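Colleague: Just dropping this structure here.
In our numbering, the protein residues as written are -8 to 463.
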């Protein structure tokens, strides 16, 4: 009996261990037409992803309970095996069986192990074992069902994990593409930063140029303001000169009228002089003492020459000349502002400008002396030449008298000797002023006197006039 129980316990122990091992460590389930087998290996360290990567806390807790359940079932089986061994040892001392009978008895008892029998100790033990194995079987079925559920959850989790890994792969791809784009963006950013630095340098250069332009603009504004002030002053002066011009034009119109009148008188006088010259040429007996202080507007018959060579005129004037530091303050005749004299204005002229004034023709039967007063004062003084002209249509001979440069602010006296033959033929006196550049060069003459007889021995005499030569 004890041997039968021992064999049964070994068989049950082996069967139970194998079943539990097979149930606990291996399970399978069907999903449609597919069957999935899961093998749980004990004693192996499998890498498990950290919860931070795959956050499935409920599944992890469920799988962590499987080893404890397996240990629990093994403990129960060891207890049953221990009880069977105790019974077997107690019965071993009582009975000894023949091997053939033992095999038959074991087989018979295996076949009838769960048959109901009258209450015996063995039957009670078997019933207890049957109840234990039934509860173990139920627990194993429950565990199997739980494992199946856990397997389903595991597959779902794996599916989600695969999807997550796929998404992670896509995300990694996107991340790599993003990193490439980021690298490209960084390179572009570096290029843009370099361009920005270049632009900043250009901007700084432009700003410095702009500051310089602003300074120049301020300088130009100040100069413009000064120019505007000068322009206002010039406009005022322009208005003043415009009024003077209008007055001068009025005076010029009046002078033109007087000129036409004087021209008519001049032609009449020329005709009269021609008759007088004819009369004088016949007699030559009267003396010709003459004096001209230019107090009469006819200026004693003196005329200005107008030609391509001569561009200026002698002007009759009273009082100081318009320009400062040149010209006389008073005339020589009256020594006041009412006395008149002839002068050439040097303002606004160019070097080489000339003015010529020619007298009427003089006749005499004997020697004559020509006396005149001249004024040559100014830093820019030119030359005063005196010519004698025998016939109106002939060119001028070399000058018979000359003065050059600044002579001081005084009236000076000059005398010219006219030989007898020249006096009988008749002559004209020509006063020529040649100017230099500058406004301080006014030339003036006054008080021209012609008397019969030779000049004083100490005066400037003209010798060799017939030959056209002058000795100082």
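Glycine included, each C-beta is placed from N, C-alpha and C at the ideal position. Given the structure is predicted, the values throughout are model-derived calculations rather than measurements.
Please determine, among 258, 437, 162, the residue with the shortest C-alpha to C-alpha distance to residue 331.
Modeller: Numbered from 1 along the chain shown, position 340 holds the residue referred to as residue 331. Out of 258, 437, 162, 437 has the C-alpha closest to the C-alpha of residue 331.
Colleague: What would DSSP say about residue 247, mapped onto helix, strand or coil?
Modeller: The residue labelled residue 247 in the question sits at position 256 within the chain shown. Reduced to three states, the DSSP call for residue 247 is helix.
Colleague: Should the stretch 353 to 372 be regarded as contacting the stretch 430 to 446, the criterion being three or more beta carbon pairs within less than 8 angstroms?
Modeller: yes
Colleague: Would the stretch 428 to 436 and the stretch 372 to 391 be scored as touching if the rule is three or more Cβ pairs under 8 angstroms?
Modeller: yes
Colleague: Answer yes or no: do residue 341 and residue 305 have a C-beta to C-beta separation smaller than 7 angstroms?
Modeller: As a first step, residue 341 is located in the chain shown; it is residue number 350 there, counting from the start. As a first step, residue 305 is located in the chain shown; it is residue number 314 there, counting from the start. Not closer than 7 angstroms, so no.
Colleague: Using DSSP's beta-bridge definition, name the partner residues of residue 360.
Modeller: Locating residue 360 in the chain shown gives position 369, where the first residue counts as 1. Note: residue 360 sits in a beta bridge opposite 408, 442.
Colleague: Quick one: is residue 364 buried, meaning 16 or more other Cβ sit within 10 Å of its Cβ, or exposed?
Modeller: As a position in the chain shown, residue 364 is number 373, starting the count at 1. Buried.
Colleague: Considering only DSSP beta bridges, list what residue 180 is partnered with.
Modeller: To locate residue 180, count along the chain shown from 1; it is residue 189. Note: residue 180 sits in no beta bridge, so no partner.
Colleague: Comparing C-alpha positions only, which one of 321, 327, 303 sits nearest to residue 347?
Modeller: For this step, residue 347 is matched to residue 356 along the chain shown. When 321, 327, 303 are compared, the shortest CA-CA separation from residue 347 is found for 303.
Colleague: Report all residues from its chain with a CB closer than 6 angstroms to the CB of residue 376; omit the five preceding and five following residues, and keep chain order.
Modeller: Along the chain shown, one-based indexing puts residue 376 at 385. Counting only Cβ-Cβ distances below 6 angstroms, and skipping sequence neighbours, we find 390, 393, 423.
Colleague: Quick check on this structure: which residue in 263, 123, 181, 63 has the alpha carbon closest to the alpha carbon of residue 74?
Modeller: The residue given as residue 74 occupies position 83 in the chain shown. Answer by Cα proximity: 123.
Colleague: Quick one: grab the DSSP three-state call for residue 437.
Modeller: Translated into the one-based positions of the chain shown, residue 437 becomes position 446. Three-state DSSP puts residue 437 in a strand.
Colleague: On the DSSP letters alone, give me the boundaries of the beta strand (DSSP E) that residue 423 sits inside.
Modeller: Taking the first residue of the chain shown as position 1, residue 423 is located at position 432. Here the beta strand (DSSP E) through residue 423 covers 419 to 425.
Colleague: Among 387, 396, 421, which one has its Cα closest to the Cα of residue 407?
Modeller: Indexing the chain shown from 1 puts residue 407 at position 416. Measuring from the Cα of residue 407, the nearest candidate turns out to be 421.
Colleague: Which partner residues of residue 283 appear in the DSSP bridge assignment?
Modeller: The residue given as residue 283 occupies position 292 in the chain shown. Paired residue(s): 439.
Colleague: What does DSSP give as the partner residue(s) for residue 403 in the beta ladder?
Modeller: Looking up residue 403 in the chain shown gives position 412. Residue 403 pairs with 365.
Colleague: From residue 249 to residue 310, what distance separates their C-alpha atoms?
Modeller: Here the question's residue 249 lines up with position 258 in the chain shown. Here the question's residue 310 lines up with position 319 in the chain shown. Distance between the alpha carbons of residue 249 and residue 310: 22 angstroms.
Colleague: When burial is assigned at 16 or more other CB atoms within 10 Å of the CB, is residue 353 buried or exposed?
Modeller: The sequence position of residue 353 within the chain shown is 362, counting from 1. The residue in question, residue 353, is buried, as its Cβ has 16 or more Cβ neighbours within 10 Å.
Colleague: Can you tell me which of 137, 164, 292 puts its alpha carbon nearest to the alpha carbon of residue 260?
Modeller: Residue numbering aside, residue 260 sits at position 269 when the chain shown is read from its first letter. Put simply, of 137, 164, 292 the residue whose alpha carbon is nearest the alpha carbon of residue 260 is 292.
Colleague: For residue 306, name the three-state secondary structure that DSSP assigns.
Modeller: As a first step, residue 306 must be located in the chain shown, where it is residue number 315. The answer is strand: DSSP assigns residue 306 an E or B state.
Colleague: So which of 185, 77, 284 has the shortest CA-CA distance to residue 326?
Modeller: For the purposes of this step, residue 326 is taken as the residue at position 335 of the chain shown. Comparing Cα-Cα distances from residue 326 to each of 185, 77, 284, the minimum goes to 284.
Colleague: Considering residue 376, what are the terminal residues of the beta strand (DSSP E) in which it resides?
Modeller: The count along the chain shown starts at 1 and reaches residue 376 at position 385. Element bounds for residue 376: 374 to 380.
Colleague: Out of curiosity, what's the CA-to-CA distance linking residue 287 and residue 262?
Modeller: Here residue 287 is taken as the residue at index 296 of the chain shown, counted from 1. Here residue 262 is taken as the residue at index 271 of the chain shown, counted from 1. About 21 angstroms.
Colleague: If I measure Cβ to Cβ from residue 161 and keep anything under 8 angstroms in the same chain, skipping five residues before and after, which residues do I get?
Modeller: For the purposes of this step, residue 161 is identified with residue 170 of the chain shown, where counting begins at 1. In its own chain, leaving out the 5 sequence neighbours on each side, no residue places its CB closer than 8 angstroms to the CB of residue 161.
Colleague: Closest to residue 417 by CA distance: which of 290, 264, 201 is it?
Modeller: Mapped onto the chain shown, residue 417 falls at position 426. Closest by alpha carbon: 264.
Colleague: Residue 131 to residue 60, Cα distance in whole Å?
Modeller: Position 140 of the chain shown holds residue 131. Position 69 of the chain shown holds residue 60. Taken atom to atom, the span from the alpha-carbon of residue 131 to that of residue 60 is near 10 angstroms.
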